[in-house]
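Chains as they are written, first to last, in the working numbering: chain A, 305 to 790; chain B, 86 to 841.
Heads up, the beta-carbon is just placed ideally off N, CA and C, and yes, glycines get one too.
Here the structure is laid out as structure tokens; the discussion comes afterwards.
Here is the structure:
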């Protein structure tokens, strides 16, 4: 039975199924191995969100992923490159193999290297470099592990955002939030466990970025809507009173009770009845979670909610903290959703706007999490789907100070903080012009493997049998970036 | 020089690896169960002759007997009627049908029900939907743009009609794989080719070569999974790790589709007389307008060139070359790539309005004049033909197919010819180009191989799917994977018996349905037996009928039927029923692609779920919550989940409340003024049976709680609770509103949502 053993090994869900049966008290502990595997193939998991055991000791309970959509420029933010000044507006030297580059919008390496106009400074005990575009985040460098050597396969946004979320540039695979929900279940049953928030337009590629792919639909992310009804069908029909609804649910429970009297072995029937109680609780829990009116003025100010320029992203970051506080496991907070950071023209103007909109809120989030003692088990991830080219994207008729930068998936910066991450360090590096990752390059899969690891999931064991293949979140790749926590 | 030599040597070694002519399969691989010929076994002799009513029962009973298990007795009549009616049609039985069946004590009462259900058009709407799951049907392209496929719904209707007509499955397969070649001139056979037009397509992809390869991979994978139950996607990059499927076989199979492109366009008229008339009329119009159209075309020439240049901007060099060649100078590969690019680099008669506006000055003026002149001939122009979306060969010569290293279209290995699985037939397929058609004939060869009764997989896979839909799990628990990673058959002889029966009976799906439905195995109760459960907890041996929840479509359709709202109209373009508030923000992204324009005609909202427009990036929320197919790949079985989102939808969705209101209207219209009679009527409509005393008590308590709440709401004057229109005399609004709540909870209850 080598194939069967293989299946077992690749298919960690088996353990949870056994646990489930044991918990359900149906005396099936002695269930035959083969039977269990076939049962698995039918995926009859009754309660797909039941909490599951992690593979390794989790360092983080939750993730808040600050997604700078469109691609922030690494050489203007965290990865200073003095050589750009030395070679200003000169073609990318042959030693950097510009001939191998396929740019998304046709920026030419021969158009000239484009020096950053930012002032870089070292901050904190650790002396990490940050530019003057992010003065607030800079104050937290001692908590950040800055990975300067991330690489992606995507030249375009749709593929890039998709890969940063699902591991593949082609849509259709489960998103990381879905894998985490599948792997760990839900710790907050009265709230969705994977939540996505936008600050501007629709995320490029839309629902695929928080979809469940080939995992059951129940693992997909919920896009939280603005206002007090963040979830579809959350509000009872107009005029319904609580007493009325409570009475309906009691009646339903009693009806189901009569029907289930001679069907006690069927745990699914019971799970359905319980799902109504959870739904009922969600009706009050979800609006409560997004209700910022109870937060103090000082807290709101910390997130920049008192300033129109930072208010939107600030409110989303504060909501993210509230959700995590309530046990939500995976929150994605998009800055510049719909490719805001995509500075093909006038990187100066574009990044000034988006840095301004996100810097204070992200810093506020870090400060707030820390002061509440939540940073130690909340992992904060910052980054875009790729970075930007160190050479200019030149648009005819524009002056040098209006130059833009094209997409750069060959080497860009992301950082993590909290959730067991060792702060105050820089990991990996790009070449002298900030074009390609050269030391310790880390593919997006490595980021994913490491985020999963910090949450307690081994990316090699987080598998789902599909079409005869044990699929995992990292495709056929993924290496842990151990320096993050070691 | 040295590095070059080294590279060449490496290249040669790699190529050698991929051109291994003969592959040695192991004995274990050669003797794998699903690849063995189907042999019809005799039904086993069993002791309980009375229970073993038909051959299926004999096979099932023999295994139960081996384990010392007893099958359950027959389910009671009402339970059975509800089960078989939902199973066959996706709708609950009506009160009239229930009464008729309960009163019919003839020995063939059940058989008559089965035959009536199989003959009902609702059968095709349910079983056609099963097939749409398998072939990843959707009304849009997928990916970011997710544009509407305006005519693909004809394929959905074709599937429904094929099941209703009990089209022989071999013919069904042939039409979908090679309908264009095998049945030229038959519009249905062309619509059937929509099967392979269901690919997920990134129409605005920057590179065309990858996009094309993705389409080929999709067609190759779906054909393996849908018809053969083989998941050979892994063989795209390497020999299959578990199954005897070579990477070479993957590309041999892909070669059958190497020359295919989207053939979207007019469908031929079925009647030759009409077709002739159409052609004559068209020729006449063309003749009369020749000069006008020629001049218009000349004016548009610069726009054509601009569109080609702009459209081809991001394409790879070889694709650009193909686009700017004269059609007759294009190689086979270039012809395929041109056709793939066509929508982005060319326009038909006239470009879109925005492009047309780039025409300026005299040219624009003259063009407008000509257009007016052309319009004067409109009376001569024949009515446009109905349009379809399907896949066809672009010509009679296919481009070469190569083994691709790592599945990468840039890394070509050995060239391969169309062929089947080497373990079954290592030779190249014999291709006969069809006479009189501009097509390769490759797919005809594939269709013939698939429908050859000697093919060990195709009939087995289909009867197993049928079994799966009837029982909730297949004889092989993985209907799309008959390989080593899939499950083994629990009853291999029964599977072979059914496969043989299927082929012997002219590949009739309905005959297999009927054989299963008339078995005692199917008719037994779903009752729990402690002893049996200990030995066979998953009911693999079928000691009981496995209870199951209704599928997404059946839930919605059953609610509509019980409410008396169901609009039974069949066919036509997809409909857009209301979506919950808040969904619109997601829809705005697809606005350019057609968005979600909620129907103005309320009757359209109440069509069966199979007719709801399937937008890949926005599955209809209620259906998605209840685990509808994901449309991105073949869906072999729906995975039932239980989530709070489902509860929120059935509790809070205004639509469900409105259905409950209509349901209450039915209750009040024909149950008189007695509260008990009203409750009883509600139970009868929802469950098909009377309310028990206990239930009457529960309902009375509930109404007693609810009526004062409703009175208060009505008195407050705002947000009055919904009540049926035209309340009968003597029914006050508060009581009616309380009954709406009661009706809604019946629709939410387990008894309504589960089949026993």
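| Asked | Found |
| --- | --- |
| 4-residue-minimum alpha helix (DSSP H) runs that sit fully inside the segment 570-644 of chain A, ordered along the chain | 571-594, 601-606 and 612-629 |
| Through-space distance from residue 530(A) to residue 627(A), alpha-carbon basis | 15 Å |
| Under 7 Å by beta carbon: chain A residues contacting residue 667(B) | 529, 533 and 536 |
| Residue 688(A) vs residue 418(A) beta-carbon contact at 9 Å | no |
| Beta-bridge pairing of residue 364(B) - partner residues as DSSP gives them | Looking at the DSSP assignment, residue 364(B) forms no beta bridge with any residue, so it has no partner. |
| Where residue 337(A) falls, given that 16 or more other Cβ within 10 Å makes a residue buried | Low local confidence applies: a pLDDT of 31 at residue 337(A) is under 50, so the model's placement there is unreliable, and no value is given. |
| Per-residue DSSP class, three states only, for residue 708(A) | strand |
| C-alpha distance - residue 523(A) paired with residue 400(A), whole-angstrom precision | 43 Å |
| Nearest to residue 493(A) (by Cα), restricted to the options 513(A), 422(A), 521(A) and 585(A) | 585(A) |
| Start-to-end residues for the alpha helix (DSSP H) that takes in residue 915(B) | Residue 915(B) lies beyond the residue range present for chain B, which begins at 86 and ends at 841; the question has no answer from this structure. |
| Partners in chain A for residue 806(B), counting only beta-carbon separations shorter than 7 Å | 543 |
| Alpha helix (DSSP H) runs wholly inside the segment 556-638 of chain B, at least 4 long, in chain order | 577-589, 594-602, 605-608 and 615-620 |
| Residue 703(A) burial status per 10 Å Cβ neighbour count (16 or more: buried) | exposed |
| Three-state secondary structure (DSSP) of residue 376(B) | helix |
| Same chain, Cβ closer than 8 Å to residue 657(B), five either side skipped, listed in chain order | 238, 242 and 696 |
| Cβ contact (3+ pairs, closer than 8 Å) linking the segment 465-484 of chain A and the segment 727-736 of chain A | no |
| Residue 835(B) (DSSP reduced to helix, strand or coil) | helix |
| Interface flag, residue 283(B) vs chain A, CB-CB below 9 Å | no |
| Chain A contact for residue 88(B) (CB, 9 Å cutoff) | With a pLDDT of 34 at residue 88(B), under the threshold of 50, the modelled position of that residue is not reliable, and no figure is offered here. |
| Contact with chain A by residue 313(B), beta-carbon distance below 9 Å | no |
| Whole-number beta carbon distance between residue 664(B) and residue 681(B), since they are thought to touch under 8 Å | 6 Å |
| Continuous alpha helix (DSSP H) assignments of at least 4 residues falling wholly in the segment 444-521 of chain B | 446-460 |
| Distance, residue 455(A) Cα to residue 787(A) Cα | 17 Å |
| For residue 633(A), the nearest candidate out of 382(A), 717(A) and 684(A) (CA to CA) | 684(A) |
| Residue 534(B) - containing alpha helix (DSSP H), residue span | 527-535 |
| Three-state secondary structure assigned by DSSP to residue 381(B) | helix |
| Cut-off 6 Å between Cβ atoms - residues of its own chain near residue 284(B), not counting five sequence neighbours on either side | 300 and 303 |
| Closest Cα partner of residue 38(B) within the set 694(B), 295(B) and 270(B) | Nothing can be reported for residue 38(B): it is not among the residues displayed for chain B, which extend from 86 to 841. |
| Positions along the segment 717-742 of chain B whose CB lies within less than 8 Å of some CB in chain A | 717, 718, 722, 724, 725, 726, 727, 728, 729, 730, 731, 732, 733, 734, 736, 737, 738, 739 and 742 |
| Environment of residue 111(B) [buried if 16+ CB atoms lie within 10 Å] | exposed |
| Span separating the alpha-carbon of residue 696(A) from that of residue 514(A) | 33 Å |
| Cutoff 6 Å; reference residue 527(A); Cβ partners in own chain excluding five residues on either side | 500 |
| Minimum C-alpha distance to residue 220(B) - residue among 585(B), 715(B) and 230(B) | 715(B) |
| Chain A within 9 Å of residue 157(B), Cβ atoms only | no |
| Contacting residues, own chain, Cβ-Cβ under 8 Å from residue 487(B) (five flanking each side not counted) | 336, 497, 498, 499, 500 and 501 |
| Proximity test, residue 526(A) beta-carbon vs the ligand ATP heavy atom, cut-off 8 Å | Looking at this structure, you won't find the ligand ATP or any other ligand, since it has none at all. |
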